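Asker:
There are 2 protein chains.
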Amino acid sequence: MQLTQEYREKLDGALRRTGQRATRQREHIFSVLLGKRDHPTADEVYARARAEMPSISLATVYNCLEALSASGLVKQVNFEREPTRYCANLTAHAHFYCKESGEIQDVELSEQIIDLLKSCLPAGHTAHRIDIAFDGKCGECDD
Amino acid sequence: MQLTQEYREKLDGALRRTGQRATRQREHIFSVLLGKRDHPTADEVYARARAEMPSISLATVYNCLEALSASGLVKQVNFEREPTRYCANLTAHAHFYCKESGEIQDVELSEQIIDLLKSCLPAGHTAHRIDIAFDGKCGECDD
DNA sequence: CTAGGTGCAAAAGGTTTGCGGTTAA
DNA sequence: TTAACCGCAAACCTTTTGCACCTAG
């Protein structure tokens, strides 16, 4: 998978803006996340990345995922005690985790709901980030 | 800290209902969580529990916290990659994590908002649990 | 040129597991 | 009586770190 010109520029800009360098590895990891948006763990990203870049190390995968998160192009998704997953969907959304299939789906949220949630905060509190995670059964797995 | 009769009965019932035994250790861990509701980690619970029960082991603390969670009397709270925290507040609420002070506060939520969130799910999906975590700065830590 | 990034291997840190002995029901 | 639980220590697994080499800017 190659990064399109558009995404390469987006990435380079985002990295530069956050004082980080654009490297082959970071571009490749970004392309892996864009290529299959199924919320892979670092280990899964590592496996996919090695398919086209066999010399990349797991530590570098973690470093790249961290750099991409810091640049704002990638979000980390955490479920309970499970390994962190990574997601290149930047719209406001929650995650639904189906305990039956193990699958994770994006759930689109309106800005209204986000604002409504923020309005529940005590005065003076400011939220930089809101994580919303549903646990349950998805349509296919339901009885 | 001793468990009041009311809480002891609540605990015994909840454990029995989920096919688990009431043990001295589980009662003690429950009393620790009720005694100081500041969302301690397993390690902090361990330290507090040992004050009155020096022979308890960390593995047992984990076992008890797991048993209490399974019984429904305790909730696990996860923030990013940090250690799991435990909480005996059973009302519908979210958590606010202040990155400055490290403090975690409960944020009460109305049933309406919970219902509104559930209504965002695709048809057929059922959520058994919704985790909502805010990250930011609380009033005291704000600039 | 040089600060930042990479690859490797080892360490860290939270959580789980295996096992012999103990206990609630 | 006996399945479940406890305490201890070792194992596990994800993530981080230290260090020598490399590379983007």
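Protein chains in written order, with my numbering: chain W, 1 to 143; chain H, 144 to 286.
Ideal Cβ placement from N, Cα and C applies to all residues, glycine included.
Since we're looking at a predicted model, the values are computed, not measured.
Going by DSSP, which residues form a beta bridge with residue 168 (chain H)?
Answerer: Here residue 168 (chain H) is not bridged, per DSSP, to any residue.
Asker: Answer with yes or no whether the minimum CB distance from residue 263 (chain H) to chain W is below 7 angstroms.
Answerer: yes
Asker: Quick one, are the C-beta atoms of residue 15 (chain W) and residue 71 (chain W) less than 7 angstroms apart?
Answerer: yes
Asker: Listed in chain order, which residues of the segment 66-93 of chain W have Cβ atoms closer than 9 angstroms to some Cβ of chain H?
Answerer: 76, 78, 79, 80, 81 and 84
Asker: Compare the Cα-Cα distances from residue 29 (chain W) to each of W:66, W:9 and W:109 and report the closest residue.
Answerer: W:66
Asker: Going along chain W in order, which residues have a C-beta closer than 8 angstroms to the C-beta of residue 282 (chain H)?
Answerer: The contacting residues are 122, 123, 124 and 125.
Asker: Cβ of residue 61 (chain W) less than 7 angstroms from any chain H Cβ?
Answerer: no
Asker: Would you list the residues sitting across from residue 217 (chain H) in a DSSP beta bridge?
Answerer: Paired residue(s): none; residue 217 (chain H) is not in a bridge.
Asker: Less than 7 angstroms between the beta carbons of residue 56 (chain W) and residue 47 (chain W), yes or no?
Answerer: no
Asker: Give the residues of chain W in contact with residue 257 (chain H), contact being defined as C-beta atoms less than 8 angstroms apart.
Answerer: Scanning chain W for C-beta atoms nearer than 8 angstroms to the C-beta of residue 257 (chain H) yields nothing, as the closest lies near 11 angstroms away.
Asker: Under 8 angstroms: do the segment 115-127 of chain W and the segment 147-166 of chain H share three or more Cβ pairs, one atom per stretch?
Answerer: Touching, no, given that fewer than three Cβ pairs across the two stretches are closer than 8 angstroms.
Asker: Of all the alpha helix (DSSP H) runs that stay within the bounds of the segment 226-264 of chain H, which reach a length of 4 or more residues?
Answerer: 254-261
Asker: Decide if residue 136 (chain W) is buried, meaning its Cβ has at least 16 other Cβ atoms within 10 Å, or exposed.
Answerer: buried
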